[in-house]
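In the working numbering, the protein residues as written are 45 to 268. Idealized CB from N, CA, C, for every residue including glycine. Computed from a predicted model, the values in this text were never measured in an experiment. Before any comments, here is the structure.
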Amino acid sequence: MHAVVTGASSGIGAAVASRLLADGWRVTGLSRTRPPIDAPRFAHRPLDLAQADAASVRSALDGLEPTALIHAAGVLRVGELGALDAEAGAAMWRLHVAAAALLADALAPRLTDGGRILLIGSRTAQGSAGRSQYAATKAALVGLARSWAIELAPCGVTVNVIAPGATETPMLNDPVRAGVAPKRPPSGRFVQPDEIAALAAFLLSDAARSITGQQIVVCGGASL
């Protein structure tokens with residue numbers, strides 16, 4: 045079992061990579077900086093997905109025959125109507141949506157029966173004041189996943205989205221949030237990265253082979 049994990053240098057991506065390694069997977073991490081992971085079954089390939097094109101993605105994936113793709117790389121930029129930053133919106137689109145499409149386009153032909161594509165979305169896709177551009181990119185992942193799920197179902201490949209709520213990662217306290225303090229969900233605690241990683245591990249397993257084209261929200265009740 046071999047997984048390609050983007051954003052493996054921190055946050056949810058790092059948690060997913062660590063969980064899969066613990067479960068016996070071989071993991072290749074794609075990120076700008078090398079993740080602090082020291083394991084014999086882990087390899088790092090540098091790639092800035094925010095600036096990537098088809099050629100650079102295919103070069104980074106050269107020679108890989110993975111079982112699964114997990115696209116966890118992400119960034120949050122906030123902005124209210126009347127003060128939207130077009131470049132910030134475009135940067136989030138490139139990293140969240142365009143990169144997902146480039147990766148899936150390159151890897152899908154290599155995925156055999158039992159293959160998995162998993163996109164890390166966000167509960168914010170359901171709407172959040174001041175985060176419309178971010179929400180739009182995460183909502184777009186659902187459209188990609190559902191469309192790819194239909195295309196790849198005959199091949200035995202599943203495609204799903206995990207949509208976390210506020211998760212205890214560096215992004216949660218990113219100063220670029222412009223002083224917007226994260227709200228605790230009804231559960232009273234933020235989601236933990238290892239909880240997302242556990243769900244990812246299940247969705248990559250044979251037990252989840254009938255789950256495809258779905259968005260699973262993990263938010264401690266914030267979406268209620």
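Next item on the list: Apply the 10 Å Cβ neighbour rule to SER166 and answer buried if 16 or more other Cβ atoms are within range, or exposed otherwise.
Entry: Here residue 166 is taken as the residue at index 122 of the sequence shown, counted from 1. When all chains shown are included, SER166 counts as buried.
Next item on the list: Please look up how many angstroms separate the CB atoms of GLY118 and ILE164, rounded, as I've assumed it's under 8 Å.
Entry: Counting from 1 along the sequence shown, the entry for residue 118 is found at position 74. Counting from 1 along the sequence shown, the entry for residue 164 is found at position 120. Contact flag correct, Cβ pair sits at about 7 Å.
Note to self: Under 8 Å: do the stretch 101-121 and the stretch 55-74 share three or more Cβ pairs, one atom per stretch?
What the structure shows: Result yes; three or more Cβ-Cβ pairs closer than 8 Å.
Note to self: Cutting at 8 Å between CB atoms, please list the residues of its own chain near ALA35, excluding the five before and the five after it.
What the structure shows: Because the chain in this structure spans residues 45 to 268, residue 35 falls outside the shown range and cannot be described.
Next item on the list: Compare the Cα-Cα distances from THR31 to each of LEU91, LEU113 and ALA144 and report the closest residue.
Entry: Nothing about residue 31 can be reported from this structure: the residues present for the chain run from 45 to 268 only.
Check: Can you tell which of GLY159, ALA58 and LEU147 has its C-alpha closest to the C-alpha of ASP250?
Finding: In the sequence shown, counting from the first residue as 1, residue 250 sits at position 206. Nearest option by C-alpha distance: GLY159.
Next item on the list: Could you check which residue in ARG70, ASN204, VAL141 and GLY68 has the C-alpha nearest to that of GLN177?
Entry: The count along the sequence shown starts at 1 and reaches residue 177 at position 133. Ranked by how close their Cα comes to the Cα of GLN177, the residues ARG70, ASN204, VAL141 and GLY68 have VAL141 in first place.
Checklist line | Alpha-carbon to alpha-carbon, ALA52 and PRO229 | finding: Residue mapping note: residue 229 aligns to position 185 of the sequence shown, counting from 1. Residue mapping note: residue 52 aligns to position 8 of the sequence shown, counting from 1. Going from the Cα of PRO229 to the Cα of ALA52 covers about 26 Å.
Next item on the list: Could you tell me which of CYS199, ALA58 and ALA169 sits nearest to LEU185, measuring between CA atoms?
Entry: Sequence index remark: in the sequence shown, residue 185 carries index 141 (1-based). Nearest in C-alpha terms to LEU185, of all of CYS199, ALA58 and ALA169, is ALA169.
Item checked: Residue interval of the beta strand (DSSP E) (run including PHE86) -> Here residue 86 is taken as the residue at index 42 of the sequence shown, counted from 1. Counting along the chain, the beta strand (DSSP E) containing PHE86 begins and ends at 86-90.
Note to self: Tell me which residues share the same chain as ALA98 and place their Cβ nearer than 8 Å to its Cβ, disregarding the 5 neighbours each side in the sequence.
What the structure shows: Numbered from its first residue, the sequence shown carries residue 98 at position 54. Cβ contact annotation for ALA98 (same chain, cutoff 8 Å, sequence separation greater than five): LEU146, ASP149 and ALA150, in chain order.
Note to self: To the nearest angstrom, how far is the alpha carbon of ASP129 from that of SER100?
What the structure shows: Position 85 of the sequence shown, counting from 1, holds the residue named residue 129. Position 56 of the sequence shown, counting from 1, holds the residue named residue 100. Those two C-alpha atoms are separated by around 27 Å.
Next item on the list: Determine the direct distance from the alpha carbon of ASN204 to that of LEU188, and round the result to whole angstroms.
Entry: One-based indexing of the sequence shown puts residue 188 at position 144. One-based indexing of the sequence shown puts residue 204 at position 160. About 9 Å.
Next item on the list: Specify, as a first and last residue, the run of the alpha helix (DSSP H) that ARG190 falls within.
Entry: Position 146 of the sequence shown, counting from 1, holds the residue named residue 190. For ARG190, the uninterrupted alpha helix (DSSP H) segment begins and ends at 176-196.
Notebook entry, point to check: What residues in its chain sit with their C-beta under 6 Å from that of TRP137, if we drop five residues either side in the sequence?
Noted result: Numbered from its first residue, the sequence shown carries residue 137 at position 93. Taken in chain order, the residues that qualify are THR181.
Checklist line | According to DSSP, residues forming a beta bridge with ALA112 | finding: Within the sequence shown, residue 112 is the residue found at index 68, counting from 1. Answer by DSSP bridge pairing, in chain order: ALA47 and ARG160.
Note to self: Using a Cβ-Cβ cutoff of less than 8 Å, which residues in the same chain neighbour GLU109 once the five nearest sequence positions on both sides are dropped?
What the structure shows: Mapped onto the sequence shown, residue 109 falls at position 65. Answer for GLU109: HIS46 and ARG154, listed in chain order.
Next item on the list: Pick out whichever of ARG121, ASP157 and GLU212 has its Cα sitting closest to the Cα of SER172.
Entry: On the sequence shown, position 128 is the one that residue 172 refers to. Looking at the Cα atoms, ARG121 is the closest of the given residues.
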